[in-house]
Amino acid sequence: MPDWLDKIAVAAANAGNAELQAALGQDQPATDARRGADVTAAKGADRKINYLIFGGLAVAALILGVIIFKRR
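Just so you know, we're using this note's numbering here: the sequence shown kicks off at 31 and counts up by one.
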């Protein structure tokens, strides 16, 4: 059995798709890690937007409250 075919057979028998793809030279970069980082960044951006929106509403409510109570 040729060496390259032996590598493929061992990789397929041992653990499956990731090792088989690496033996074939078709291994992909860590897309799951990158996807996880993208999801984490998106959640952080969502939190920042929520803080800005609700913070702005809170400041507006405080200003309106001060204006209303000063008129009384």
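Every residue gets a Cβ at the ideal spot worked out from N, C-alpha and C, and that includes glycine.
None of these values were measured; they are calculated from a predicted model.
TODO: If I'm right that LEU54 touches ILE38 with Cβ under 8 Å, what's the distance once you round it to whole angstroms?
DONE: In the sequence shown, counting from the first residue as 1, residue 54 sits at position 24. In the sequence shown, counting from the first residue as 1, residue 38 sits at position 8. Contact flag correct, Cβ pair sits at about 7 Å.
Open item on the list: Distance check for GLY74 and ARG101, CA to CA, integer angstroms please.
Closed with: Walking along the sequence shown from the start, residue 101 turns up at place 71. Walking along the sequence shown from the start, residue 74 turns up at place 44. When rounded, the distance between both Cα atoms is 41 Å.
Open item on the list: Just verifying my parser: in three-state terms, what is the DSSP assignment at LEU54?
Closed with: As a working note, residue 54 is residue 24 in the sequence shown. In the structure shown, LEU54 sits in coil (DSSP, three-state: anything other than H, G, I, E or B).
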